[in-house]
Structures are given as C-alpha cells and as structure tokens.
Amino acid sequence: MKLRFSIMLLCVSLTALLCGEHFFQSLHVQSDASYIKWVEFTIPSPILYRAIELDIQSRNEEERVDFIEVLSYLAAKNGGNFKKVTQADVAKAADFLKSNSPTDLKQFSYYLNAYGAVMNGWVGEYEAEQKSDDGTAKTVLKYGLIVRHPVKGYYSDSDDFGNNRSYGFQRKHQGHDFFTSTGVPVAAMEDGVIEVMGWNRYGGWRIGIRSFDGMRYYYYAHLRKDTPFAEGLAEGHTVKAGQTIGYVGQTGYSFKENVNNIQVPHLHFGIQLIFNEVQKDGNNQIWIDCYQIAKLLSNPPAPVIVETTVEP
Ligand SMILES: [Zn+2]
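Residue numbers (the numbering used here): 23 to 334.
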C-alpha cells in the first residue's frame, strides 16, 4: 500500500515537472466549474434598441436605467425567449426595476453575467469630435452607444449562424457573413487590443481583437488579398470602435498564404465570449449569433447625450 502511494506520488511529481505551470493551471481550472459554459444571444434588435435608449435617456435622471439589467430581467421572466416581448414590455420592465429587485428571480444572475459578457462595452462615455456652427472642431464627452458596425458600406446578409460548413471538417458557421465588395473598409466594433493578425487556413487574412475587459474576442476574416489590413497596425496595438482595421476580400480556405479561395467577397465576423481562459481555444468555445447586433448597429443610431466639452 505504502509502495503504491509512493509510486502515485512519483507519477504526479513527474507529470507536474514535465508539464510545468500548465499542470497546476489545469488542476485549478478543473476544480473551478462555476464559469458560464453556454450563451444564446437572440434578443431582437428593436428590443435591444429600446433598452439602450431608456438607459441613455435616464443618464441625468435620479433613477437610472441599466439596459443590461432590464434585458436580463425580461430574459429571466420569459425563459430567455424574446418572441413575445414588445418595446412596451421593455419600458414597463425598466419602470418596475426602479423600485424592485429581481435578484430572487431564478436565472436572473445567469442572464446578467451572460448578457454582461456580450454588452458590457456597448454604452458609456466616450470622447468625440464635434463641429461648431463656425466650422471649428472641438472634443466633447458624450454618453451613448459606443460600439460601431463592422462594415463601413452597403452589404447584404441573412441569419446564417449555425449553418453547415464543410471546408477542412464538418462544422457549424460560428459567425455572421456580410456580403459586399472587395475593398470596403472593415471597422473595429469595440475598443480593444489586437490579439492576432495574419494568415489562417480557414479565415485567410484575419484579425482578432480582444475587448479591454477580456471577455469578448472579435474575429474579422477573409480580408483583401495583398493589402488586407489598415496601415500601421500590429499585434498588441490598441484600436478604437469605428476605426478602420482592414478591407473586405475573399482570402482563406488554403494552407498557402494570400490566396483567394472564398467564392464571393464577404466579411466573416464573429464574437466569442470568454468567461475563463480555457474557453479561448479548443472544444468549449462560445460564439454568439451576431444577426440582431448587426441589425441594431445598421439602423439609425441610438440617442446620444453630450456631457461636456473636453479641454484641449
Ligand atoms: Zn462566415
């Protein structure tokens, strides 16, 4: 018995020695199973819009509306199904939450965390240039929707999340395709840090940007042959929402670099959620449906409140 225990101890020590830091990291991760493993994001764009509008409009009011809290409350009430939820229901929920706490509602905290991971960077303060009547520009602090549409031009799209794809291996489409012309500028949806930039067998010329809170990874793929990226960008650089990061093209589906193997020019756009770093790569990735997000960002913008002028 004693011998068997010694052998076991030796094996554990050897494994730890061989795998180094990763061995202890994976031990730690296995014991912590509390992070979220699955998120479905299907809130219709008019519902998203109304919640965001109420949040922004309440900016200077005593009782603030938090759009993520409102949407989480509605999700918890309706089992995550927004099919019958109206814009009037959103306003009613916002009113209700001004004097009531939904914390006893089953699943409320799940939705708060899940939707927070998707939308935490969407609404807030940001600096912007504003032209005065006399033509001079000044910098102002605004409060509103910060995120921007990833395509700077006309496009067509459909709800194609989860469709079958067969290049390489049978799999599901983990993103959203915007069909447009080669060369149309691609914008960063949210501020963040460029995590990867270069060639990938599937995505072709692609760029991956991580939000500052680490929870969202934005993936922009099939960029233009020869000149895929905006000039001066590199891994580790910071980008702003709306900043041009590259150009639409049709590269990808090839081991060889800089090959146009995608049939029609389009931007493949994906949003991955990361509650724990083990979800970044491998089999347990969470990608969300971006169709309603694209609709929200292509419609007339949500209201914006100008706060103050920023002194130069
Ligand atoms: Zn795609």
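Yeah, the Cβ is synthetic: ideal placement off N, Cα and C, and Gly gets one too.
Owing to the predicted nature of the structure, the values given are computational and were not obtained by experimental measurement.
With fewer than three CB-CB distances shorter than 8 Å, the segment 203-217 does not count as touching the segment 111-124. Nearest to His244 by alpha-carbon distance, out of Val261, Asn321 and Pro287, is Pro287. Tyr241 is a Cβ neighbour of Gln294, given a cutoff of 8 Å.
Non-local C-beta neighbours of Tyr177 in its own chain, meaning closer than 7 Å and more than five positions away in sequence, comprise Phe200, Phe201 and Thr202, ordered along the chain. Rounded to whole angstroms, the gap between the alpha carbons of Tyr132 and Ile65 is 15 Å. Going by DSSP, Met211 is part of no beta strand (DSSP E) at all; its letter is neither H nor E. If you check the CB distance, Thr266 and Ala209 come in under 8 Å.
Here Phe183 carries a coil assignment [DSSP, helix/strand/coil]. Shown here for Val173: same chain residues with a beta carbon closer than 7 Å to its own, the five before and five after excluded, namely Phe200, Thr202, Val206, Val208 and Leu289 in chain order.
Secondary structure at Asn135: helix, using DSSP grouped into helix, strand and coil. Distance from the C-beta of Gly197 to the nearest heavy atom of ligand 1 is below 7 Å. Under DSSP, Trp309 takes part in a beta bridge, and its partners are Gln294. Beta bridge pairing from DSSP links Leu167 with Val145. In the structure shown, the three-state DSSP call for Ile78 is helix.
Looking at the DSSP output, Ala159 bridges to Lys153. A straight line joining the alpha-carbon of Asn135 with that of Trp309 spans about 15 Å.
Residue environment for Val332: exposed (fewer than 16 other C-beta atoms within 10 angstroms of its C-beta). The Cβ atoms of Arg72 and Ala113 lie closer than 8 Å to each other. Spatial neighbours of Arg223 in its own chain (CB-CB distance under 8 Å, excluding positions within 5 residues in sequence) are listed in chain order as Gly190, Gly274, Tyr275, Ser276 and Phe277. The beta carbon of Ala115 sits closer than 6 Å to those of Val92, Tyr95 and Leu96, all from its chain and outside the five residues before and after it, given in chain order. Secondary structure note for Phe251: it is in no alpha helix (DSSP H), with a DSSP letter that is neither H nor E.
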